[in-house]
Structure formats: C-alpha cells, structure tokens
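> One structure, pasted below without further comment.
Protein chains: 2
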Amino acid sequence: MFSDALRRDAARIGAHLDEVLAKEPDLPVIHGMRYAVSGGKRLRGFLVMEGARLHGVPEAQAIWPAAAIEAIHAYSLVHDDLPCMDDDDLRRGLPTVHRKWDDGTAVLVGDALQTLGFELVLDAACHADPVVRADLALSLARASGHRGMVLGQALDIQAETAETPLTLDQITELQAGKTGALIVWSAQAGARLAQSDLKPLTDYATALGLAFQIADDILDVEGDETTVGKAVGKDADRGKATFVSLLGLDGAKRRASDLVDAACDALSPYGARAQTLNEAAQFVISRDT
Amino acid sequence: MFSDALRRDAARIGAHLDEVLAKEPDLPVIHGMRYAVSGGKRLRGFLVMEGARLHGVPEAQAIWPAAAIEAIHAYSLVHDDLPCMDDDDLRRGLPTVHRKWDDGTAVLVGDALQTLGFELVLDAACHADPVVRADLALSLARASGHRGMVLGQALDIQAETAETPLTLDQITELQAGKTGALIVWSAQAGARLAQSDLKPLTDYATALGLAFQIADDILDVEGDETTVGKAVGKDADRGKATFVSLLGLDGAKRRASDLVDAACDALSPYGARAQTLNEAAQFVISRDT
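Here the protein sequences line up with chains A and B, keeping their order. So in the working numbering the end of the first sequence lands on 510, straight run, no missing numbers. So in the working numbering the end of the second sequence lands on 510, straight run, no missing numbers.
Here's what the structure looks like:
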C-alpha cells in the first residue's frame, strides 16, 4: 500500500542521508545540513524508489538518486526560506535553518546540499554504470538549474512585482519549473537506471507535478497552519495569482482531479504493478500537509 | 608564454560561457549569471586547459570542464560577497551581484551557476567518455562541497568568532578547502580527461593553491584597492589570523616562493612541456590583482 511504501522509503532515505553525513566535523554547516534533510514527506525520493521497483532496479542502487533528490529539494527549501527570498520562519513545523542558525549558515547549508545531491547521484558505490550515473546527473542539473527549478523561482520572483497577475499559461510554466522539474526527474530516475523508455513516467509525473502545485494552492487557502507545518494564506495576502485565484476553489479541485486521472492513465503500460504510484497520485491531491 | 596563454584561454572560456548562456530568457537571474562569469583572471579555467594540453587532450574537449570550474568559482564568489557572508560591494572593480541587483537574485544566481558547473562538466557535447565525465563531476562535487570548498568557508566563518586566532596548521587546512580544492581539481582535470596519473599535477596544484592564498594575504596588506579590484586591508582590520600575521611579511613571501619551487619540481616528469605551468606558478605570487 502507498502510505506504507512512502513511510518505509522515507525511513530508508533518511537513514542513508544520516549515514552519509555521520562522520563529518562538528560545524554549524554540517548540523544545518542534517537538520535540513530530516523530516518531510520525501515524496520525490519515494518516486525514485517506486520507479526503480517498476523496472526491477535493486533498492541498494535506487537509494542513491533517492537521497540525492531529497538533498536537492532540501537545498531549494533552505534558500527559498531566506529573508531575501520568501522569508519564512517555519518549515515542517520547525524553525527554518536561517532562524535556527543564521543567514550565512543557511546560504552555505543550501550550497553544500546542492553539491551533495550531485555527489550522491554520481557515487560509484551505487554500482550503476558510469553512463547511467552521468545521465542521471546531467538530467538532474538540467531539471534543477536555470532552465528548470531556478527558472521557476526566478519567474515567481518576477511575478511578485509584476503589474498584472499571471495568466493560467504563465503560472503553469512557472510551476513546471519550480516544482514540476524535480518531480519529473524523480519519477524518471528508475527508468534511467534501467536504461528504459522514459515516456510513461514522464507523462505521469508531468501531470502529477501540476496536480501537486494546485493542491498546494488549495492548502494555502483551506489548510491549517499547525497541520501544514508552514505559514498559510500568504499568497492571498499578497494578492498573488494562484490556480485557486484563476480557476476558483471548485475549478482548481476539478483540475487537480483530472490531472490525477491523466497521471494514472499514463501508467497503463505497467498494468497492476503501477498500483502504488496510482495511489501516490491520489494522495497528492488529498494530503493535508 | 604564460601571459599570452592565460589571455587566450580566458577569452575562449568567456566565449564558451557566453554561448551557453546566449539563448536564455530576459530575466535578472540570467543577466546576473552572465555578469558573474564575465571578467576575472580565469586562472582555474587556464589550469584545466593547460593540464589538458600536457596530456594531448583536444581543446574542444577541455573547454567544457574549464568553463565548468569558472562557473563554480563564480558561484562561490557571488554567495561569498552577500551581506550575510563577507558583505563586499566590489568584485573585479565592479559592483557585486547583490549590489547591482538584490540579495535574492544573488542567491539564485549563485545556485544556478553551481548547477551550470555540473551541467557543463557532464555535457555529452564535450565528447569525453561517460566514465570520464562521471569522474570529473564526482571529483568536482567532492572538491566544492562540505568536504572541500564549503568546509573551508565554514572554518573561515568559525574563525571569525573564535576566541583564539587560528594556528598555521589550522589556517593551512582552512585554505586547502576554501581555495585549494578547486585549484587542485582544475589542474587535475586534464589528467582525468586523459585517464592518466594524477599525482604530478596534484602535487603541483596543492603547493600552488597554498602559494596563491599566501599571495592573497600579502595583497591584502600591500595591495592597492583600485588595482586589486576589491576591498583590501579587511583581514588586518578584523584582527583575523592570516599567513602574514603568522609568518610576518618577509616570512610569508619566503614561504610562497618555496611553495612555487615545490610546485615546479612536481612537474619534472613533464620536462620542458611544463614551462607554461611553471610560469603560472611564478605569476601567482607576483600578481598585483
């Protein structure tokens, strides 16, 4: 079942990251790295693990890119939370890295976590072929850099000062970068490890990523700060265009639900073996955190 | 001759970076990336190119890791200059990225340049074997992350608030991370591309990296702000331990000169073909910028 698989994978990825960071010196940047990668749903890491299982890739191999994507995701959150970016005090119900330490430490923690992500995906200890490791790392760079995640963040910053709110097409493009690109990479990783066709998992994750962001916008309106673990209602307060402001609450829910159907359809080549990923798609729009 | 080779390589690396960033959208983060990688001595990129020439590796291949290390170096400078880090207004005689744009843009520019570094070193367009590309990228991650450059930066921050100034051993360890690791990686890259013995270039660059930092400390005391292109005298003002405060000005100059001799000795297996790298080592301690 999905929730068991998610919990089990999250624990294994956490143990792997703990092990990687266990022997490091006693410095704030190292403590901050450990802190930033602990907790969270680890949905991206789970997508790596489950995509690998679909392709018969051993878990001992998949754990490396799974831990890598969680390090990259954590880096983006640490930097995103900085006062000069989104200025958030709370993340996963705990003080953000710059609140617990300071801004300079948070910059370094994010920098080092990005590097760690590439290190993990390239580590020969995963016993994947160098061709596969180079392919995983190059696609990760493309998904997370100025044509992927960072592009989405830059468009997001630009939107905050724009005179007219974003259109639905613009917000879709923004989110495809900001959250979509890493989710798509995560889902593809198993197929990359197996040097297999990327299309079904790419289509699945493209729809899933967008549904995920629509659900985030809904949570920002309907969610409870204590449960969500971070500030809510921020977008509406800023008068920012969101899927909810553009489609209405019911329209956004319907769109998210249609996207989940599309995501599940994309997995039909895998038949019943894709059951857990189908449940994951349902989870994404029904979560309360 | 060294100065011609440096100028020629710097121009080629600049052109390569311009080409890579030419077709990107009109956003502050992209302008900031172009700005941050323009100018500078490009000593690290030159070491890549020259190490590659020593091993008969084509320039069309070496230009990729050369551009990559300049992107990584630029990322570290953009983040280092932030108000929450070293708080510098001037770099290479021009306003730093956060002064020309803002802190949030500078965080994103640094993040995207780090990613670009990995993308460039992994790009299949360099026609290096995937084994070589994975090796270059993994070693780059190790040199730049929390066991390399970021470790050095973290030790540097810790030293600023420490009650007792650093010892010579501690400052040597700090600098081996902060500046040494990327210089060593740069010098090794040609041997990695040729899948050849790394030892001579590693020994050369280890001595060179330390000499480079000692020269930096001397410039901070003796240099002229306009020529150096950044603030000088900052370390002494802060009462920070440097090679000059620990060894005295003459002692520091003697140590740097001994290190340059050691660097040149390490290249003896290459004979006369190492002439340009020998000159580079001399340049490192005689530069005024």
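Where is the CB? At the ideal position from N, CA and C, for every residue including glycine.
Alpha carbon to alpha carbon, what distance is there between leucine 414(A) and alanine 283(A)?
Cα-Cα distance, rounded: 8 Å.
> Excluding sequence positions up to five away, which residues of its chain have a Cβ less than 6 Å from the Cβ of methionine 270(A)?
Excluding residues within five positions, the ones whose Cβ falls inside 6 Å are Asp230, Ala283, Ala287.
> Given tyrosine 296(B), which residues of its chain have a CB within under 6 Å of its CB, disregarding the five upstream and five downstream residues?
Excluding sequence neighbours, tyrosine 296(B) sits near Gly331, Leu334, Gln335.
> Along the segment 401 to 415 of chain B, what residues have a CB closer than 9 Å to any CB found in chain A?
Listed by position, the residues of the segment 401 to 415 of chain B near chain A (Cβ gap below 9 Å) amount to none.
> State the DSSP-derived secondary structure class of arginine 233(B), mapped to helix, strand or coil.
Helix, per DSSP.
> Short of 7 Å Cβ to Cβ, which residues in the segment 277 to 307 of chain B face chain A?
Within the segment 277 to 307 of chain B, the residues whose Cβ lies closer than 7 Å to some Cβ of chain A are His300, Leu303, Cys305, Met306, listed in chain order.
> Rounded to the nearest angstrom, what separates isoleucine 392(B) and glycine 314(A) at their Cα positions?
About 39 Å.
> Give me whichever residues DSSP pairs with arginine 312(A) in a beta bridge.
Answer by DSSP bridge pairing, in chain order: Leu315(A).
> Just to make sure I have the definition right: I need the residues of chain A whose C-beta is within less than 9 Å of the C-beta of leucine 238(B). Which are they?
Neighbours of leucine 238(B) on chain A: none; closest Cβ ~13 Å, over 9 Å.
> DSSP three-state label for proline 351(B), please.
In the structure shown, proline 351(B) sits in a helix (DSSP, three-state: H, G or I).
> Have a look at valine 371(A) and arginine 265(A) and give me their C-alpha separation to the nearest angstrom.
Valine 371(A) and arginine 265(A): Cα-Cα distance of roughly 17 Å.
> Kindly indicate the opening and closing residues of the alpha helix (DSSP H) around valine 528(A).
In the structure displayed, chain A extends from 222 to 510; residue 528(A) sits before or after that span and is not available.
> Going by the CB atoms, is the gap between alanine 397(B) and arginine 511(B) shorter than 8 Å?
Because chain B in this structure spans residues 222 to 510, residue 511(B) falls outside the shown range and cannot be described.
> Three-state secondary structure (DSSP) at cysteine 485(A)?
Helix, per DSSP.
> Measuring straight from C-alpha to C-alpha, what distance separates alanine 484(A) and lysine 321(A)?
Roughly 39 Å between the two C-alpha positions.
> For leucine 357(A) versus alanine 281(A), is the C-beta distance shorter than 8 Å?
No, they are not a contact pair.
> In this structure, does DSSP put glycine 338(A) in helix, strand or coil?
Three-state result, glycine 338(A): helix.
> Along the chain, where does the alpha helix (DSSP H) that runs through glutamate 500(B) open and close?
Its alpha helix (DSSP H) spans residues 496 to 507.
> Please list, in chain order, the chain B residues whose beta carbon lies closer than 7 Å to that of glycine 366(A).
What glycine 366(A) touches in chain B: Ala333, Thr336, Leu337, Glu340.
> If you count every other CB in all the chains shown that lies within 10 Å of the CB of proline 490(A), and 16 or more means buried, which is it?
By the neighbour-count rule (16 or more Cβ atoms within 10 Å), proline 490(A) is not buried but exposed.
> Taking the continuous alpha helix (DSSP H) assigned at alanine 345(B), which residues delimit it?
Premise fails: alanine 345(B) is in no alpha helix (DSSP H) and is neither H nor E.
> Please classify glutamate 381(B): is it buried, with 16 or more other beta-carbons within 10 angstroms of its beta-carbon, or exposed?
Exposed: under 16 other Cβ atoms inside 10 Å.
> Going along the chain, which residues of its own chain have a beta-carbon closer than 8 Å to the beta-carbon of valine 353(B), five neighbours each way excluded?
Around valine 353(B): Arg413, Leu414, Gln416.
> Note down, in chain order, every chain B residue with its Cβ under 9 Å from the Cβ of arginine 363(A).
The answer, in chain order, is Thr336, Glu340.
> Is alanine 495(B) near valine 481(B), with beta carbons less than 8 Å apart?
No.
> Decide if arginine 476(A) is buried, meaning its Cβ has at least 16 other Cβ atoms within 10 Å, or exposed.
With 16 or more Cβ atoms within 10 Å of its Cβ, arginine 476(A) is classed as buried.
> Could you tell me the alpha carbon to alpha carbon distance between glutamate 384(B) and serine 365(B), rounded to whole angstroms?
Roughly 28 Å separates the two Cα atoms.
> Looking at the unbroken alpha helix (DSSP H) that takes in glycine 253(A), where does it start and where does it end?
From DSSP, the alpha helix (DSSP H) with glycine 253(A) extends over 249 to 258.
> Quick check on DSSP: helix, strand or coil for serine 407(B)?
Residue state, collapsed to three classes: helix.
> Which residues bound the alpha helix (DSSP H) around glycine 373(A)?
It spans 370 to 382 - the alpha helix (DSSP H) in which glycine 373(A) sits, taken as one unbroken run.
> Hey, could you find the ends of the alpha helix (DSSP H) lysine 420(A) is sitting in?
Where lysine 420(A) is concerned, the enclosing alpha helix (DSSP H) stretches over 420 to 443.
> For the alpha helix (DSSP H) containing threonine 393(B), name the first residue and the last one.
Where threonine 393(B) is concerned, the enclosing alpha helix (DSSP H) stretches over 389 to 396.
> Applying the criterion that 16 or more other CB atoms from any shown protein chain within 10 Å of the CB defines a buried residue, is lysine 399(B) buried or exposed?
Buried, since its Cβ has 16 or more Cβ neighbours within 10 Å.
> Select from the segment 374 to 402 of chain A all residues with a C-beta closer than 7 Å to any C-beta belonging to chain B, and list them in chain order.
Against chain B - using a Cβ distance shorter than 7 Å - the residues of the segment 374 to 402 of chain A are Gln374, Ala375, Ile378, Gln379.
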